[in-house]
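One structure is given below, encoded as structure tokens.
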Amino acid sequence: MATITKKPNANGTYTEADDNIPNTSARWENLSDDSDSTYISNSDTQSTTRNTFLKSALGLPAGAIVDKIVVRQRIRTAQSGGVKSYAKEMLLINSSEYYADSEKYSAGVWEWTEEEWATNPSTGSAWLEAEVDAVEFGTFLANRTRLGITLLSQSSEVEFVVYYTVAVVAQPLMDGLVFVSICKHITLTPYKSKLMSRGVMRG
19 MATITKKPNA
29 NGTYTEADDN
39 IPNTSARWEN
49 LSDDSDSTYI
59 SNSDTQSTTR
69 NTFLKSALGL
79 PAGAIVDKIV
89 VRQRIRTAQS
99 GGVKSYAKEM
109 LLINSSEYYA
119 DSEKYSAGVW
129 EWTEEEWATN
139 PSTGSAWLEA
149 EVDAVEFGTF
159 LANRTRLGIT
169 LLSQSSEVEF
179 VVYYTVAVVA
189 QPLMDGLVFV
199 SICKHITLTP
209 YKSKLMSRGV
219 MRG
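Numbering (this note's numbering), first residue to last: 19 to 221.
Encoded structure:
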């Protein structure tokens, strides 16, 4: 399988996380610059937030088949006494939200996490390129509180990875045509004809 990786190129429908670090850049820029020093974060007063982004069109080769999509993100979550903030990868398709099956944690350090969708969750069928192009992708951030202290959930990078298979196009065999062309310039004796009919003579 081949892959194409897309990074955010614009903010999507949801931009709910209050803190955008630094706020001199757009949220999508902070999550597409390969840096942990730029990120989005829930504020102390927030519980959960949705944050989605747009991307450029895939431009797959003609006849290519989409095998699956994967949303990757780099997160930093916190924990205290068994209480953990968390993040989930998410998709937005035709105003419906779809989330990773499990909560993702990082214990205070930046780590990559990911979620795979082998089929379109809105249809249950294989992905079509037009459907993949229309998807918004991003992160769901969830704070937790323990003993009056807010445990923050943050994301510094998000990526949309498409796995696809290129269709194999059968090429016509030319051997027969070549053989006919060659035979036009051969004068066959009875002996040569007999050998060729048995497949003994070559060329």
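Ideal Cβ placement from N, Cα and C applies to all residues, glycine included.
Quick test of the definition: if touching needs 3 or more C-beta pairs under 8 angstroms, does the segment 147-154 touch the segment 35-50? no
If contacts are defined as beta-carbon pairs under 8 angstroms, then Arg164 and Gly99 qualify, I think. What distance do you get, rounded to the angstrom? 6 angstroms
Nearest to Ala28 by alpha carbon, out of Val153, Ser140 and Thr63? Val153
Excluding the five sequence neighbours on either side, which residues of its own chain have a C-beta within less than 6 angstroms of the C-beta of Gln172, listed in chain order? Tyr57, Ser59 and Arg94
Just how far apart, CA to CA, sit Ile239 and Asp52? Within the shown structure, residues of the chain are numbered from 19 to 221, placing residue 239 beyond reach of any answer.
Let me check one thing: in DSSP terms, what residues is Asp37 bridge-paired to? Ser59
Buried or exposed for Ala160, going by 16 or more other Cβ atoms inside 10 Å? buried
Alpha carbon to alpha carbon, how far is Lys102 from Met19? Give it in angstroms, no decimals. 36 angstroms
Through-space distance from Thr33 to Asp115, alpha-carbon basis: In the sequence as displayed, the identity of residue 115 is Glu instead of Asp. Distance between the alpha carbons of Glu115 and Thr33: 14 angstroms.
Ala148, DSSP secondary structure in three states: helix
Per DSSP, what kind of secondary structure is Asn128 in: helix, strand or coil? According to the sequence displayed, residue 128 carries Trp and not Asn. If DSSP states are grouped into helix, strand and coil, Trp128 belongs with coil.
Please classify Glu121: does DSSP put it in a helix, a strand, or coil? coil
For chain D, is any of its Cβ atoms less than 7 angstroms away from the one on Ser173? Looking at the structure shown, chain D is missing, and only one protein chain is on hand.
Would a C-beta distance cut-off of 7 angstroms place Gln64 and Thr157 closer than the cut-off? no
DSSP on Asn48, reduced to helix/strand/coil? helix
Going by the DSSP bridge assignment, what does Met108 pair with across the sheet? Tyr117 and Gly156
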